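Protein chains: 2
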Amino acid sequence: MTGKERREQLLDVARALFAEKGFEVTSIEEIAHRAGVSKPVVYEHFGGKEGIYAVVVDREMQRLMDHIVSALSGSHPRELLEQAACALLDYIEGSTDGFRILVRDSPVASSTGTFSSLLNDIASQVEHILSVHFARQGYDRKLAALYAQALVGMVALTGQWWLEVRKPKKDEVAAHLVNLAWKGLSAMDPKPRLRTRR
Amino acid sequence: MTGKERREQLLDVARALFAEKGFEVTSIEEIAHRAGVSKPVVYEHFGGKEGIYAVVVDREMQRLMDHIVSALSGSHPRELLEQAACALLDYIEGSTDGFRILVRDSPVASSTGTFSSLLNDIASQVEHILSVHFARQGYDRKLAALYAQALVGMVALTGQWWLEVRKPKKDEVAAHLVNLAWKGLSAMDPKPRLRTRR
DNA sequence: ACCGTAACTTACGCAAGCGTAGGTTAGGCC
DNA sequence: GGCCTAACCTACGCTTGCGTAAGTTACGGT
Chain A
-18 MTGKERREQL
-8 LDVARALFAE
2 KGFEVTSIEE
12 IAHRAGVSKP
22 VVYEHFGGKE
32 GIYAVVVDRE
42 MQRLMDHIVS
52 ALSGSHPREL
62 LEQAACALLD
72 YIEGSTDGFR
82 ILVRDSPVAS
92 STGTFSSLLN
102 DIASQVEHIL
112 SVHFARQGYD
122 RKLAALYAQA
132 LVGMVALTGQ
142 WWLEVRKPKK
152 DEVAAHLVNL
162 AWKGLSAMDP
172 KPRLRTRR
Chain B
-18 MTGKERREQL
-8 LDVARALFAE
2 KGFEVTSIEE
12 IAHRAGVSKP
22 VVYEHFGGKE
32 GIYAVVVDRE
42 MQRLMDHIVS
52 ALSGSHPREL
62 LEQAACALLD
72 YIEGSTDGFR
82 ILVRDSPVAS
92 STGTFSSLLN
102 DIASQVEHIL
112 SVHFARQGYD
122 RKLAALYAQA
132 LVGMVALTGQ
142 WWLEVRKPKK
152 DEVAAHLVNL
162 AWKGLSAMDP
172 KPRLRTRR
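The listed protein sequences derive, respectively, from chains A and B. According to my numbering, the first sequence is numbered sequentially starting from -18. According to my numbering, the second sequence is numbered sequentially starting from -18.
Written out as structure tokens, the structure reads:
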């Protein structure tokens, strides 16, 4: 097997293991073993555990960001919200393991002292979008950060839950999330539908 | 130092360490050392790492639940929401370390295979409350689970974020969360105020 | 046919950390 | 005063898992 191939295979195996057991508990030996290879091969390619983990996380972040950014085509915030929610659920469905990894906290991230979750990066993207909307509506821009966290938390935890139960269908989940975020509990649509989708 | 005292002290130390570094990374030796005592003392009291962790988590869950349950006095769902949000933020403020622990995933929890976070227990409480409201409004009760996850995720991630930035003030954060959940982005109050609080 | 390199191996050194065995202090109780 | 027990210690065995050193196969180019 060529170097490139092996490298990709190792990344696949590692992603699955990190998703299943977390960073600390996963051992390099296990990664190597499951790839049908011996330990030093992993060191050859990635230099160590942090190394391979970093690559896995980086790729997954990239993947997720691409997914979401390319989905945002609308101008109205409600459309954007809908598209973002759909994109995230698509990502969760398509890269379940990756999502599981992103949701756990990173190993060294706590060394920064600050709130670790990688969802923070996403939240700050959302914050920018919201900030524009807020300015237009006359709300305090400072509050965009708060609402961004709230929205991201809403979608992320629901996504994590949906990952297990897989019911109702994805589009329906997205429609309800948008429904809640946009209209609120007081004025919810009993049977919300997606508007921009497909 | 008497047995009871030592036990409590060890629990305090362990809570702080688990919050700071997570379960895997925290060692019994470190707990013992920081308590100014040697390893076997910890084993004497708790039998092992899982043992002391279990007690810490159990206490913290209890504490959180008590906090929230005792705060719920209203009848209108909006009041309940407001009270719950306030209670959670109070808890976060008062037991920062405990909240950090509850938010991380538990060590053996992934062995169950199912979605690990302890927030799930809270979500199912919320689900019951929502379910009543949904029935009254003619919504599909099956959807209460989804909306419960969404609401819990919203408050939890915002709480985690607020833990770091500590701004704006707690009551204000609660007011905005209720604002978003109740009225939605489309009809938000620019300067929401708490209604039931104090 | 020969050499070099790329892919991979076995085998080891080493540190961290769990859990335990056995011994030591000290204070209450008869 | 002698004894028992509760609280604690030092010291050890053992496993796991990281990272590395040195050797082996196989294939392509000259």
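The C-beta atom is built at its ideal place from N, Cα and C for all residues, glycine as well. The structure displayed is predicted, hence computed values, not measured ones.
- Of all residues in the stretch 98 to 120 of chain B, only SER98, LEU100, ASN101, ALA104, LEU111, HIS114, GLN118, GLY119 and TYR120 come within less than 9 Å of chain A when Cβ atoms are compared, listed by chain position.
- In this chain, the alpha helix (DSSP H) harbouring B:THR139 covers 125 to 146.
- Among the residues facing chain B, A:PRO173 is not included, as its CB has no counterpart in that chain under 8 Å away.
- Around the CB of B:GLN118, fewer than 16 other CB atoms lie within 10 Å, so the residue is classed as exposed.
- If the five residues before and after B:ALA(-5) are omitted, its C-beta is found closer than 7 Å to the C-beta atoms of ILE12, ILE33 and VAL37, all from its own chain and listed in chain order.
- If you ignore the 5 residues before and after B:TYR128, its C-beta comes within less than 7 Å of the C-beta of LEU111, all in its own chain and listed in chain order.
- In this structure B:HIS157 is buried. Its beta-carbon is surrounded by 16 or more other beta-carbon atoms within 10 angstroms.
- The contact set of B:GLY134 on chain A, defined by CB atoms closer than 7 Å, consists of GLY134, MET135, ALA137, LEU138 and THR139 in chain order.
- In the DSSP assignment, B:ALA(-3) falls within the unbroken alpha helix (DSSP H) covering -16 to 2.
- Counting the other CB atoms within 10 Å of its CB gives B:ALA116 a total below 16, which places it among the exposed residues.
- At a cut-off of 8 Å between C-beta atoms, A:GLY165 counts as an interface residue with respect to chain B.
- In the structure shown, A:VAL18 adopts coil according to DSSP, grouped into three states.
- Judged by beta-carbon spacing, A:ALA104 lies within the 8 Å limit of A:VAL133, meaning their Cβ atoms are closer than that value.
- Every unbroken stretch of the alpha helix (DSSP H) spanning 4 or more residues and falling wholly within the stretch 29 to 96 of chain B is given here in chain order: 30 to 52, 58 to 75 and 77 to 84.
- If you check the CB distance, B:ALA131 and A:MET169 do not come in under 8 Å.
- Listed along chain A is no residue with a C-beta nearer than 9 Å to that of B:VAL38; the closest approach is about 17 Å.
- B:SER8 counts as exposed, since fewer than 16 other beta carbons sit within 10 angstroms of its beta carbon.
- For B:VAL6, the secondary structure class from DSSP, reduced to helix, strand or coil, is coil.
- A:VAL6 and B:PRO149 have their C-alpha atoms some 38 Å from each other.
- Counting along the chain, the unbroken alpha helix (DSSP H) around B:ARG117 starts and ends at 100 to 118.
- Assigned with DSSP and collapsed to three states, A:ARG122 falls in helix.
- When Cβ-Cβ separations below 8 Å define contact, B:GLN43 makes no contact with chain A.
- Not one beta carbon of chain A lies nearer than 8 Å to the beta carbon of B:GLN64.
- A direct Cα-to-Cα measurement between A:ALA(-3) and A:ASP78 gives close to 6 Å.
- Annotation: B:ASP47 to B:ALA65 spans about 11 Å, alpha carbon to alpha carbon.
- Interface criterion met: the Cβ of B:LEU127 is under 8 Å from a Cβ in chain A.
- In the same chain as A:GLU10, and ignoring 5 residues on each side of it, the C-beta atoms closer than 6 Å to its own belong to LYS20, in chain order.
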